[in-house]
Amino acid sequence: MESATYWKRNFVLLALGRFVSILGSSIQAVAIPLFVLDLTHSGAAVAKMTIAYMIPRVFFMPIAGIIGDRWSRKSLMVSMDFLRGFMVCFLSLLAFRNSITFPILYVTQIAMAIMDNLFEIPTGAMFPDIVPKDFLMRANSIMGMVRIFPQIVGPAIGGVLYGFYGIAVVFLANGISFILSAVSEIFIVYKQEIKKRSSRLAQVLEDLKEGFLFVWNHSLIRTILIFALFLNFLVSPLFMVVYPYTVREVVGFSAQAFGILESAFTLGALFANLMIVVYFARKNTWKIAKVSLFLMEIPIILMGILVMPSVIPALGKLIMFGLFFTFFLAMGFLNPLVNVPLETSFQKMTPSQVRARAYSFLIMVSNGMMPLGSVIYGYLVDRFPVHLLYYGVGVSSLLVAVGLLVALRGKELPT
Numbered sequence: 011m012e013s014a015t016y017w018k019r020n021f022v023l024l025a026l027g028r029f030v031s032i033l034g035s036s037i038q039a040v041a042i043p044l045f046v047l048d049l050t051h052s053g054a055a056v057a058k059m060t061i062a063y064m065i066p067r068v069f070f071m072p073i074a075g076i077i078g079d080r081w082s083r084k085s086l087m088v089s090m091d092f093l094r095g096f097m098v099c100f101l102s103l104l105a106f107r108n109s110i111t112f113p114i115l116y117v118t119q120i121a122m123a124i125m126d127n128l129f130e131i132p133t134g135a136m137f138p139d140i141v142p143k144d145f146l147m148r149a150n151s152i153m154g155m156v157r158i159f160p161q162i163v164g165p166a167i168g169g170v171l172y173g174f175y176g177i178a179v180v181f182l183a184n185g186i187s188f189i190l191s192a193v194s195e196i197f198i199v200y201k202q203e204i205k206k207r208s209s210r211l212a213q214v215l216e217d218l219k220e221g222f223l224f225v226w227n228h229s230l231i232r233t234i235l236i237f238a239l240f241l242n243f244l245v246s247p248l249f250m251v252v253y254p255y256t257v258r259e260v261v262g263f264s265a266q267a268f269g270i271l272e273s274a275f276t277l278g279a280l281f282a283n284l285m286i287v288v289y290f291a292r293k294n295t296w297k298i299a300k301v302s303l304f305l306m307e308i309p310i311i312l313m314g315i316l317v318m319p320s321v322i323p324a325l326g327k328l329i330m331f332g333l334f335f336t337f338f339l340a341m342g343f344l345n346p347l348v349n350v351p352l353e354t355s356f357q358k359m360t361p362s363q364v365r366a367r368a369y370s371f372l373i374m375v376s377n378g379m380m381p382l383g384s385v386i387y388g389y390l391v392d393r394f395p396v397h398l399l400y401y402g403v404g405v406s407s408l409l410v411a412v413g414l415l416v417a418l419r420g421k422e423l424p425t
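When we follow the numbering used here, the leftmost residue of the sequence shown carries the number 11, and every step to the right adds one.
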């Protein structure tokens with residue numbers, strides 16, 4: 011861990027850079043599916059764009075983990091922010107000239123997935139080294155708020171910018187945010203002990219094996235990982251593919267309303283992280299996490315009722331909007347109450363020299379089924395009523411959550 015002289019400054023610089031960068035990404039994240047839907051009116055097209063990002067995102071993670079343990083994590087962090095900024099600014103230039111095409115978007119999604127890995131895996135691995143262990147739970151929650159606040163205003167801004175000015179302005183805002191983030195991160199002081207390793211294939215495979223075995227041989231991490239795989243397979247593609255289609259094509263909300271609803275989730279998450287910092291960090295956060303995990307699945311089932319063909323015209327758009335907002339607010343509040351204790355536990359249980367590889371395997375396996383889920387949901391959403399999808403996912407994920415709670419009965423995580 012960095013000395014007391016630097017850790018607070020490092021923490022502020024990292025938080026500032028993440029705030030600016032995430033604000034731009036949040037603006038773009040809400041605009042891309044709207045842009046694709048406006049051109050195609052197809053949930054399958056949104057799924058293809060999601061898959062173009064998710065597949066390289068998942069399968070490049072182990073390589074990013076090796077790089078994050080072998081190379082300077084700070085250098086990777088800064089260079090990836092600069093590269094992403096220049097690439098998205100180039101997209102903006104193409105969009106201003108009306109030269110942007112779907113093949114260009116697909117290639118950009120693939121490149122962005124690789125660079126996101128080369129940024130997030132090393133950054134996630136270095137974070138516990140620059141923060142004292144006794145402050146780690148609160149630090150994770152504060153960083154959660156730093157990530158979340160721009161996600162509250164970002165989608166709303168993205169919906170407004172896209173609705174009034176188009177995709178080119180959205181790309182420009184995101185590109186500038188990446189570059190500003192990189193400038194902030196240059197001033198972080200971080201010393202990393204890097205062991206010289208051979209670049210031969212045999213040594214690379216040995217490094218991969220070491221990271222995998224650490225995760226697999228740790229019984230608590232392994233159990234959580236297996237259940238997280240199934241939960242992410244069920245839930246994440248639902249909100250990547252089915253939810254945008256539901257809001258725009260089934261209910262008929264505007265781009266601006268779509269952006270505001272996206273902000274509801276992050277508003278709930280912001281409040282939950284604040285509660286962790288000022289109150290829950292002193293409590294048994296693992297017990298809170300278990301209750302929250304069970305409650306998180308219930309709003310999905312309620313959303314299925316909300317989008318039934320007979321319910322939509324009976325309620326009207328205003329009431330529908332209020333209920334959607336409430337459900338997303340609740341899910342956003344419960345999400346950090348599960349994720350922050352789990353993240354802190356993983357950071358404390360994993361030594362720095364293997365953390366990037368272990369972290370990459372953790373994310374890869376837990377997210378590994380999401381591309382398949384996106385393909386399946388992209389097929390189903392154009393062929394079945396969406397309320398049936400919400401029912402199926404809600405009940406299935408509730409059963410998985412109960413299974414995880416049973417498997418972890420009597421065990422405590424080091425939060």
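We treat Cβ as the ideally placed atom computed from N, Cα and C, and that holds for glycine.
- With a cut-off of 8 Å on Cβ pairs, the stretch 363 to 373 is not in contact with the stretch 272 to 284, counting fewer than three such pairs.
- Contact between Val156 and Phe29 holds, with the beta-carbon distance rounding to 5 Å and staying under 8 Å.
- Contact check for Met374 against Pro165 fails: the beta carbons are separated by 8 Å or more.
- By the neighbour-count definition (other C-beta atoms within 10 Å, threshold 16), Tyr172 is a buried residue.
- If you draw a straight line from the Cα of Ser384 to the Cα of Tyr16, it is about 43 Å long.
- Note on geometry: alpha-carbon atoms of Ala183 and Phe334 lie some 28 Å from one another.
- Contact between Leu86 and Pro132 is confirmed by a C-beta separation of about 5 Å, below the 8 Å threshold.
- By the neighbour-count criterion, in which a residue is buried when 16 or more other Cβ atoms sit within 10 angstroms of its Cβ, Ser229 is exposed.
- A direct Cα-Cα distance of roughly 28 Å separates Met147 from Ser89.
- Nearest in C-alpha terms to Ser407, of all of Val252, Ile329, Ile37 and Leu303, is Leu303.
- Sixteen is the threshold: since fewer than 16 other Cβ atoms of the shown chains lie within 10 Å of the Cβ of Pro319, the residue is exposed.
- By the 16-neighbour rule on beta-carbons within 10 angstroms, His51 is exposed.
- Restricting attention to Ser36, Ile298 and Gly75, the CA atom closest to the CA of Glu216 is found in Gly75.
- Taken in chain order, the whole alpha helix (DSSP H) runs of length 4 or more contained in the stretch 64 to 126 are 71 to 80 and 83 to 106.
- Look at Lys327 here: in three-state DSSP terms it is helix.
- For Glu272, the enclosing alpha helix (DSSP H) starts and ends at Ala265 to Val288.
- Nearest in C-alpha terms to Phe21, of all of Val199, Gly420 and Trp81, is Val199.
- By the C-beta density criterion, Thr111 is exposed, having fewer than 16 other C-beta atoms within 10 angstroms.
- In the displayed model, Glu216 falls within a helix according to three-state DSSP.
- Collapsing the DSSP output to three states places Lys300 in a helix.
- For Ile196, no alpha helix (DSSP H) segment is defined, and its DSSP state is neither H nor E.
- Membership of Val385 in the alpha helix (DSSP H) is indicated by the continuous run Met380 to Val391.
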